[in-house]
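Per the UniProt record's numbering, the sequence shown runs over residues 1 to 355. Just so it is clear, CB atoms sit at the ideal spot from N, CA and C, and this is done for glycine as well. Taking it in order: structure first as structure tokens, then the write-up.
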Amino acid sequence: MVVAMAASMASGSRTKPMLDLSFCLTVAICAFFAPSCAKLTTIEHPVKNDRSLSFLVVGDWGRRGSYNQSEVAFQMGRIGEKLDIDFIVSTGDNFYDNGLTSVHDPAFRESFTHVYTAKSLQKPWYSVLGNHDYRGNVEAQLSPILRTFDKRWSCMRSFVVKTELLDIFFVDTTPFVDKYFLEPEEHTYDWEGIQPRKIYLSNLIKDLKSEMRNSTAKWKFVAGHHAIKSLGHHGETTELIKFLLPLIKENEIDVYMNGHDHCLEHIASMDGSIQYLTSGGGSKAWRGDLQAEEHNGENVKFLYDGQGFMSVEMNERDAVIMFYDVHGKSESIKRLSTFLHKLDLIGGSPIRFWF
Numbered sequence: 001m002v003v004a005m006a007a008s009m010a011s012g013s014r015t016k017p018m019l020d021l022s023f024c025l026t027v028a029i030c031a032f033f034a035p036s037c038a039k040l041t042t043i044e045h046p047v048k049n050d051r052s053l054s055f056l057v058v059g060d061w062g063r064r065g066s067y068n069q070s071e072v073a074f075q076m077g078r079i080g081e082k083l084d085i086d087f088i089v090s091t092g093d094n095f096y097d098n099g100l101t102s103v104h105d106p107a108f109r110e111s112f113t114h115v116y117t118a119k120s121l122q123k124p125w126y127s128v129l130g131n132h133d134y135r136g137n138v139e140a141q142l143s144p145i146l147r148t149f150d151k152r153w154s155c156m157r158s159f160v161v162k163t164e165l166l167d168i169f170f171v172d173t174t175p176f177v178d179k180y181f182l183e184p185e186e187h188t189y190d191w192e193g194i195q196p197r198k199i200y201l202s203n204l205i206k207d208l209k210s211e212m213r214n215s216t217a218k219w220k221f222v223a224g225h226h227a228i229k230s231l232g233h234h235g236e237t238t239e240l241i242k243f244l245l246p247l248i249k250e251n252e253i254d255v256y257m258n259g260h261d262h263c264l265e266h267i268a269s270m271d272g273s274i275q276y277l278t279s280g281g282g283s284k285a286w287r288g289d290l291q292a293e294e295h296n297g298e299n300v301k302f303l304y305d306g307q308g309f310m311s312v313e314m315n316e317r318d319a320v321i322m323f324y325d326v327h328g329k330s331e332s333i334k335r336l337s338t339f340l341h342k343l344d345l346i347g348g349s350p351i352r353f354w355f
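Take a look at the structure:
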């Protein structure tokens with residue numbers, strides 16, 4: 001069942017914005033302390049009969065099957081069947097290199113429908129936009145018309161998926177990043193629908209705060225495209241650390257999951273309260289320019305510079321999170337209330353983290 005609450009998105013002409021995000025902070029701070037009513041679209045998704053839930057997470061994938069996208073999709077289908085998944089989360093950059101040109105762009109079928117063909121993957125796909133998606137026709141990718149071509153597709157700027165166990169807050173992170181506005185280089189971004197930027201962002205923060213504050217779910221995840229913490233090519237996103245991370249901490253979010261960096265990664269916050277998970281290996285990867293040597297102070301649990309995806313299984317007691325590479329080999333994380341120990345990789349067995 002879908003409960004739609006009119007999204008508050010300021011519109012305006014497509015002009016070249018010159019507002020630094022720091023300027024937006026004044027409005028955003030006011031929104032933090034002002035009473036608000038949630039206006040994000042909410043999707044209610046049922047859990048299984050045994051009150052469990054399972055899903056896959058993949059990002060940075062849409063390349064018409066190339067760069068091992070089809071191979072990753074095959075492994076997703078295999079694991080999806082094994083876990084009897086309920087849905088798939090896409091962390092953005094859904095269509096390379098420049099999003100969709102229109103609702104009739106063949107890239108939608110060639111990069112999505114014709115690639116993720118396994119029976120287990122014929123479930124809802126909840127997707128956020130990435131920076132590459134903003135280089136195309138954003139309204140086309142958000143259009144409900146795409147659901148007439150493939151009923152699995154569900155893409156919005158920011159929204160909430162609610163279950164009896166888990167609330168996932170999907171966040172449109174691209175508009176937070178200053179460089180896309182101030183230094184777009186040769187790229188053209190489709191900012192129609194988010195102008196004026198400061199109003200769009202302040203409303204988004206306000207609505208996220210309201211939804212997070214009112215959540216009573218056992219687990220709380222946030223999904224966005226850009227990383228808050230990462231040792232990959234792009235690394236951390238300063239604007240998200242400044243504006244989104246305080247909201248995540250305040251509302252005791254368990255996991256922040258993202259794409260953008262084309263790798264698989266787990267970084268634990270130093271106080272153990274938030275787990276940062278990157279799943280951006282849906283197709284092109286192997287960048288070879290990791291930042292591990294420069295960030296020895298980070299609490300890095302796992303880092304794989306290659307293609308793959310992530311799975312989540314959860315119930316009332318705990319959640320198990322596993323990473324899979326393009327060959328289906330796995331690394332896993334098990335969520336308990338306290339940190340116990342770590343088992344090393346021996347003879348192809350998965351590394352398991354308890355935290």
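Judged by DSSP secondary structure, residue 220 falls within the beta strand (DSSP E) whose first and last residues are 219-224.
Fully contained in the stretch 123-174 are the following beta strand (DSSP E) runs of length 3 or more, in chain order: 125-127, 153-155, 159-162, 166-171. The three-state secondary structure of residue 301, taken from DSSP, is strand.
The secondary-structure analysis by DSSP pairs residue 255 across a beta bridge with 221, 275. Look at residue 79 here: in three-state DSSP terms it is helix. For residue 212, the enclosing alpha helix (DSSP H) stretches over residues 197-214. Counting only residues of its own chain and dropping the five nearest sequence neighbours on each side, residue 110 has a CB closer than 8 Å to the CB of 64, 65.
Residue 285 sits in coil when the DSSP states are folded into three classes, being neither helix nor strand.
No Cβ-Cβ contact shorter than 8 Å links residue 93 with residue 232. The secondary-structure analysis by DSSP pairs residue 267 across a beta bridge with 276, 300. In the structure shown, the three-state DSSP call for residue 66 is coil. For residue 182, there is no enclosing beta strand (DSSP E); the enclosing alpha helix (DSSP H) has its first and last residue at 179-182.
For the options 151, 170, 154, the alpha carbon positioned closest to that of residue 160 is the one of 170.
The Cβ-Cβ distance between residue 58 and residue 257 does not fall below 8 Å. Boundaries for residue 313: no alpha helix (DSSP H) harbours it, while the beta strand (DSSP E) harbouring it runs 308-314, taken from the DSSP string. The alpha carbon of residue 252 has as its nearest neighbour, out of 219, 140, 239, 234, the alpha carbon of 219. Contact between residue 152 and residue 99 is absent: CB atoms are separated by about 19 Å, not below the 8 Å threshold.
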